[in-house]
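Please read the structure below before turning to the comments.
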Ligand code: 13P
Ligand code: SF4
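In the working numbering, the protein residues as written are 4 to 312.
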């Protein structure tokens, strides 16, 4: 009871601080339920980048991982972007360093570079275009070159390769998201046996065998849209379990089962109401992107936003 009162008071204080400082909270679909519930907007990487560009707020409290907050900062050089816990670092984005990309570019001088938004800003600055899970197929196919250097997610590369005749070369060869890569085909088969009538919907960061058994492959917000739109009432969800909060909230009456209950991204869960309160009060830790990286990284992100309406 005491805890509940404390947390109501904290939410009230956060709301007051947001108003006083003209701040907005943007949260990714994997955030803790209580964080999603106090956000002005909850979405996938593409939607969050667009929202960050549209907002008239002076401060963006970004509840997601480092590369998402960096993208918001790159698109908003005049705004303060704050990440409540600076330790929220996506392990996949750490798998591709700018130096590795330079080596690959030398090896394939005619190739264009399409990088998943889940990358460090330094790597983005070397890309021709960025993509997200929502538009990877569209972006790769829209490029001019016939060979595409693509990284860091090898599973997303598999998804993109399905709808293009271009040759996709993964850099690094086997980049992956630990939370999605551990969703095994056996998990999917077991879940389907338990719920034979359920539709299977998975994220393109899942392994090829899991993608191949799915009824739908979509970004996190794409998954929400599909579950709301189709008539089916039961779904097996192949992504980080945080998405279930939004699904249950926005499609009440339908049933959602995670394919793997251990598909948890610890970095996404680092932001808490306590940390958001402190971040709003102190206006830090601020996300700062090096000046020399800003311009080229922004160009690659803007090219994506132009292609993918
Ligand atoms: P979405 O853009 O589909 O939300 O994916 C982001 C991500 O990090 C998935 O692990
Ligand atoms: Fe990175 Fe995977 Fe976490 Fe997404 S779920 S932020 S790709 S580690």
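For every residue, glycine included, the Cβ atom is placed at its ideal position computed from N, Cα and C.
In this structure, the C-beta of residue 158 stays at least 7 angstroms away from each heavy atom of ligand 1.
Of the candidates 218, 275 and 122, 275 places its Cα closest to the Cα of residue 87. By the neighbour-count criterion, in which a residue is buried when 16 or more other Cβ atoms sit within 10 angstroms of its Cβ, residue 243 is buried.
By the neighbour-count definition (other C-beta atoms within 10 Å, threshold 16), residue 158 is a buried residue.
Comparing alpha-carbon positions, the option among 265, 230 and 237 lying closest to residue 249 turns out to be 230. For residue 60, there is no enclosing beta strand (DSSP E), as DSSP marks it with neither H nor E.
In this structure, residue 121 has its CB closer than 7 angstroms to one or more heavy atoms of ligand 1.
Going by C-alpha positions, residue 144 is about 32 angstroms away from residue 189. Within the chosen limit of 7 angstroms, ligand 2 reaches the beta carbon of residue 93 through at least one heavy atom.
Segment contact: the region 38-56 against the region 91-108, fewer than three CB-CB distances shorter than 8 angstroms; contact not assigned.
Per DSSP, reduced to three states, the secondary structure at residue 123 is coil, with no helix or strand assignment. DSSP assignment within the region 136-219 yields the following whole beta strand (DSSP E) runs of 3 residues or more, N-terminal first: 150-154, 170-173 and 202-205. Beta bridge pairing from DSSP links residue 100 with no other residue. Rounded to whole angstroms, the Cβ separation of residue 135 and residue 48 is 4 angstroms, and the two are in contact under 8 angstroms. Boundaries of the beta strand (DSSP E) harbouring residue 132: 132-134, taken from the DSSP string. The beta carbon of residue 32 sits closer than 7 angstroms to at least one heavy atom of ligand 1.
In summary, residue 207 is buried, with 16 or more beta-carbon neighbours lying within 10 Å of its beta-carbon over all protein chains present. In the DSSP assignment, residue 233 falls outside any beta strand (DSSP E) and carries neither an H nor an E.
In this structure, the C-beta of residue 209 stays at least 7 angstroms away from each heavy atom of ligand 1.
Counting C-beta atoms within 10 angstroms of its own C-beta, residue 169 has 16 or more neighbours from the protein chains shown and is therefore classed as buried.
When DSSP reads this structure, residue 27 sits in a beta bridge with 63. Ligand 2 has no heavy atom closer than 7 angstroms to the beta-carbon of residue 311. A distance criterion of 7 angstroms places the beta-carbon of residue 66 beyond contact range of ligand 2, judged by its closest non-hydrogen atom. In the structure shown, residue 82 falls within a coil segment according to DSSP collapsed to helix, strand and coil. Collapsing the DSSP output to three states places residue 105 in a helix. Here residue 70 is not bridged, per DSSP, to any residue.
A Cβ-Cβ separation of about 16 angstroms leaves residue 111 out of contact with residue 167 under the 8 angstroms criterion. Residue pairing by DSSP places residue 261 opposite 240 in a beta bridge. DSSP, reduced to helix, strand and coil, places residue 280 within a helical segment of the structure shown.
The criterion of a C-beta distance shorter than 8 angstroms is satisfied by residue 225 and residue 137.
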